[in-house]
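Right, one structure below, let's go through it.
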Amino acid sequence: MRLLMNKVFLVLATTAAMIGLFFLAWILFTLCIKGVAGINLHVFTNDLVNGGLRNVIVGQLMLSGIATLFGIPLGMLAGVYLQEYGGNSKLTEFIRDLSDVMMSAPSIVVGTFVYAVVVIPTGHTSGWAGVLALFILMVPIIVRTTDDMLKLVPIELREAGMAIGASKYHVTMNIVIRYARAGILTGILLAFARVVGETAPLLYSSGSSQFWSTDLTSTFPSLTVSIYNLATMPDEEMVQLGWTGAFLLTAMVLFINIIGRYASNKTRR
Amino acid sequence: MINMMEVQGLTFTYSGAPEPSLNNIMLPIEKNKVTALIGPSGCGKSTLLRAMNRIHDLYPGHHYEGAINLLNSDEQAYTDILGLKKEAEMIRLRQRVGMIFQKPTPFPMTVAENIAYGLRLTGVKKRIEVQEVIEKSLKDAALWNEVKNRLNDDARGLSGGQQQRLCIARAIALKPEVILFDEPTSALDPISTLAIEEMISVLREKYSICIVTHNMQQAARISDYTGFMYLGEMIEFDQTDTIFMKPSVKQTEDYISGRFG
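Quick note, the sequences are listed as chains A and B, same order.
Counting along the first sequence from 1, when you hit position 163 you're at 163 in the working numbering, and nothing is skipped either side.
Take the position in the second sequence, starting the count at 1, then add 1000; the result is the number in the working numbering.
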């Protein structure tokens, strides 16, 4: 009886895994077939208005990149506070819980929030609103990673730093963070990969534009929002461009993830 | 004979603990001698050692009573280190009273930077001066020949024994007056242990040393004075020969002859 149960369970688990993998493979397969077909130099050298993706790719990277530039210092400082200075106080636990809740907040909620506090008062979508939405999404991830990575630093190392006469500040900056550097860097890369593929928070915040722009105060080109728009267009060529964009985005996220995993494996060794 | 440090009537209570972990401890650390602390696990020997450079103060809420006197640099008077409050005073204290831990703790830097780091914190900036101290400290720690071609490699690539000697080099680079060893060889193999023990007997000429050890033979081999601790009390303190040959307290005799502990 027990052996039978074992077999049944094994079959069920394997089937479930196969179904999951089947759909994943299907998605990736379709994406590659439809996406690769549309890749040519024209896509990279022209803006959306001329049937290319140059402006939206650059725009997406700028939105995510600038959000990351602001997110790194704030997220890391908060993580350092939680692990090095906060101790076990109620406030520390509260911030940690709050940050975890924020991490699982649906991204459309963040997008709507930014819409309410930035887009409506200013009267139009803008790059900065998009940056803010991505920033809100990514800070909790960086806080969590920094917190976790600093927790792995042996306590003896902090004591040894103190024992040669380093101040708390020096121990934290020069020894603790340096020890955890690779792990934190990986976390930041993964956080970047997470936000670079977000559509929902940008939909109402940055919007998207067909034209080349580096002006963050007005509606800003976004790859993900453009994919969303292109996919619903009646024009066959536009839909094809959407597939190409989706493929490029997936490749980009995959690439960043691989770098992140590689870096973290290298650290563990 | 001059005492470098004098622990006088120290009672120490950990944050939140109902009972003190150390009771009315007396311990002199004689200048240029090795003083060993022995006793079973949990007897308070590491707690006592960690009070002597106030590394306990990394965590808030601990409570000290009594005094720990440290001889001033002019050798005229003593300062009670339990009276220190400012961070700058604590930093100065830890530069004068160095500490080596059980597990080797190389900083995530190169071999040379590990030593230079503490020096820079004290304000030594000149490159040549730093280079000289690095070389001298590594020679004093009997490590120079093994690492002179690896100064710019990550210190975490050294072997355990080498890492521990690097930590000693790092401590002596700051020219401390006292060095505290907290079971420095319990994570090392016999050969590395021997190297460290030999080094300690050389270091005695320049520094005053206090070592906590689980290993009674080690205490007998390298120390001039030995204190036996049990349940937070200093049961007996005397010259090492006396402690091991004819201890005056029954508990000490039972412990060193292996009848308990």
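Here a beta-carbon is modelled for each residue, glycine too, at the ideal position from N, C-alpha and C.
Predicted model, so just to flag it, every value in this text is computed and none were measured.
Span separating the alpha-carbon of residue i from that of residue j
i	j	result
A/Leu24	A/Gly123	40 angstroms
B/Phe1237	B/Thr1047	17 angstroms
B/Gly1098	A/Ser126	57 angstroms
A/Asp147	A/Leu82	7 angstroms
A/Val109	A/Met102	11 angstroms
B/Gln1102	B/Ala1220	19 angstroms
B/Leu1143	B/Leu1166	7 angstroms
A/Ala116	A/Phe220	18 angstroms
B/Asp1254	B/Pro1247	10 angstroms
A/Leu216	A/Gly207	11 angstroms
B/Glu1198	B/Cys1210	15 angstroms
A/Leu31	A/Gly245	10 angstroms
A/Ala263	B/Glu1205	47 angstroms
B/Ala1173	B/Arg1096	11 angstroms
B/Ser1257	A/Glu156	33 angstroms
A/Gly183	B/Thr1252	49 angstroms
Distance CB(residue i)-CB(residue j) smaller than 7 angstroms
i	j	result
B/Met1005	B/Val1178	yes
A/Ala180	A/Val139	no
B/Gly1039	B/Met1229	yes
A/Val225	A/Leu248	no
A/Leu137	A/Ser104	no
B/Ile1222	B/Ser1208	no
B/Ile1168	A/Gly165	no
B/Ala1067	B/Asp1080	yes
A/Val56	A/Leu223	yes
A/Ala78	A/Val143	yes
A/Tyr228	A/Thr186	no
A/Leu98	A/Val195	no
B/Ile1100	B/Phe1181	yes
A/Gly87	A/Tyr204	no
B/Ala1036	B/Thr1213	yes
Outcome for residue i when other beta-carbon atoms lying within 10 angstroms are tallied against a minimum of 16
i	result
A/Trp128	buried
B/Gln1163	buried
A/Arg269	Per-residue confidence for A/Arg269 stands at a pLDDT of 45, beneath the threshold of 50, marking its modelled position as unreliable; the derived number appears in the next sentence. With fewer than 16 other Cβ atoms within 10 Å, it is exposed.
A/His42	exposed
B/Asp1074	exposed
B/His1063	exposed
B/Gln1076	exposed
A/Met162	buried
B/Phe1244	buried
B/Pro1279	A query on residue 1279 of chain B cannot be resolved here, the shown segment of chain B reaching from 1001 to 1261 and no further.
B/Pro1239	Per the sequence shown, residue 1239 of chain B should be read as Gln rather than Pro. So B/Gln1239 ends up on the exposed side.
A/Trp243	buried
B/Lys1086	exposed
Contact test: residue i Cβ vs the ligand GTP heavy atom, cutoff 6 angstroms
i	result
B/Arg1120	With respect to the ligand GTP, the structure shown offers nothing to examine, as it has no ligands at all.
Unbroken stretches of the alpha helix (DSSP H), 4 residues or longer, contained in the region 1083 to 1161 of chain B:
1087 to 1096, 1111 to 1121, 1127 to 1140, 1144 to 1147
Below 8 angstroms between beta carbons is the criterion; list the residues of the region 78 to 108 of chain A that meet it against any residue of chain B, in chain order.
Gly87
Against chain B: residues of the region 173 to 193 of chain A by CB proximity under 8 angstroms
Asn174, Ile175, Arg178, Tyr179, Arg181
Would you list, in sequence order, the uninterrupted alpha helix (DSSP H) runs of no fewer than 4 residues that lie entirely inside the region 181 to 215 of chain A?
181 to 196, 200 to 203
Runs of 3 residues minimum, wholly inside the region 1163 to 1244 of chain B: which ones carry the beta strand (DSSP E) assignment?
1178 to 1182, 1208 to 1212, 1225 to 1230, 1233 to 1239
Residue ranges of each alpha helix (DSSP H) run of no fewer than 4 residues wholly in the region 62 to 130 of chain A, ordered along the chain?
90 to 103, 107 to 114
What residues from the region 1111 to 1131 of chain B come within 8 angstroms of chain A, judged by C-beta to C-beta, listed N to C?
Tyr1117, Gly1118, Leu1121, Thr1122
Got a sec: which bits of the region 151 to 163 of chain A sit with their beta carbon under 8 angstroms from any beta carbon on chain B, in order along the chain?
Pro154, Glu156, Leu157, Arg158, Glu159, Ala160, Gly161, Met162, Ala163
Could you name the residues of the region 1077 to 1088 of chain B whose beta carbon sits closer than 7 angstroms to any beta carbon of chain A, in the order they occur along the chain?
Glu1087
Taking any Cβ of chain A, which residues in the region 1043 to 1071 of chain B have a Cβ under 9 angstroms from it, in chain order?
Arg1050, Asn1053, Ile1055, Asp1057, Leu1058, Tyr1059, Pro1060
Segments assigned alpha helix (DSSP H), at least 4 residues, entirely inside the region 136 to 183 of chain A
155 to 163
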